[in-house]
Amino acid sequence: MEKVFIFWIGLLVIFLLVEIATVGLTSIWFAGGALVAGAVCIMGGSLWLQVVLFFVVSFVLLYFTRPWALRFVKPKNVKTNYEELEGKTVRILETVNNIEGTGRAIYNGMEWSARAERDDVTFEVEELAQVLRVQGVKLILQKKENSK
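According to the working numbering, the sequence shown is numbered sequentially starting from 1358.
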């Protein structure tokens, strides 16, 4: 029984070390299972009961607490201005003309350099356009229906 207890404590330590090394909620659930199995071992529970409780407790912890824990550990993905712009509607502040190299647009209070997707398309002041993509520091625009 003493060897089995040492096994569970060793397993607990290994799972905790892996968790500390990865910091990604990968093995903490199994450390809980090893702790419960070690406690059952001290109380004189049979080996099969220890093994079953190890798996049951590990699964229960994993299933019920992992989604909750991930909300606090996983960083929130916040879109940047760059990622947010694709597909949005912008208002033209300065005529967008690729051939002349002119164009400014505004979105959410921020001014951006703007270019048309195609060289033969221009956008006039106060016209609305849709952002296809961001290329460097320029918005690449396409026509938007009902833009005036």
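Glycine included, every Cβ here is placed at the ideal spot set by N, Cα and C.
Legend entry - Proximity of Leu1496 and Trp1469 at Cβ, strictly below 8 Å: As a position in the sequence shown, residue 1496 is number 139, starting the count at 1. As a position in the sequence shown, residue 1469 is number 112, starting the count at 1. Cβ distance < 8 Å, so Leu1496 and Trp1469 count as in contact.
Legend entry - C-alpha gap between Val1375 and Ser1384, whole angstroms: Along the sequence shown, read from residue 1 onward, the residue named residue 1375 stands at position 18. Along the sequence shown, read from residue 1 onward, the residue named residue 1384 stands at position 27. Near 7 Å, if we compare the C-alpha coordinates of Ser1384 and Val1375.
Inset, instruction - Determine the contact status of Ala1396 and Leu1368, defining contact as a CB-CB distance below 8 Å. - result: Start at 1 with the first residue of the sequence shown, and residue 1396 comes out as number 39. Start at 1 with the first residue of the sequence shown, and residue 1368 comes out as number 11. For Ala1396 and Leu1368, no; Cβs fall outside 8 Å.
Inset, instruction - Please work out which residues of its chain come closer than 7 Å, Cβ to Cβ, to Thr1479, disregarding the five sequence neighbours upstream and downstream, and give them in chain order. - result: Looking up residue 1479 in the sequence shown gives position 122. Shown here for Thr1479: same chain residues with a beta carbon closer than 7 Å to its own, the five before and five after excluded, namely Thr1452, Val1453, Asn1454 and Ala1473 in chain order.
Legend entry - Where Leu1382 sits in the DSSP three-state scheme: Here residue 1382 refers to the residue found at position 25 of the sequence shown. Leu1382 sits in coil when the DSSP states are folded into three classes, being neither helix nor strand.
Legend entry - For Ala1471 and Gly1460, believed in contact at Cβ under 8 Å, the rounded distance: Reading the sequence shown from its first residue, position 103 is the one you call residue 1460. Reading the sequence shown from its first residue, position 114 is the one you call residue 1471. Between Ala1471 and Gly1460 the Cβ distance is about 4 Å, and since that is below 8 Å, they are a contact.
Inset, instruction - State the Cα-Cα distance for the pair Phe1411 and Ala1378, rounded to the nearest angstrom. - result: The count along the sequence shown starts at 1 and reaches residue 1411 at position 54. The count along the sequence shown starts at 1 and reaches residue 1378 at position 21. Going by the C-alpha atoms only, they are around 22 Å apart.
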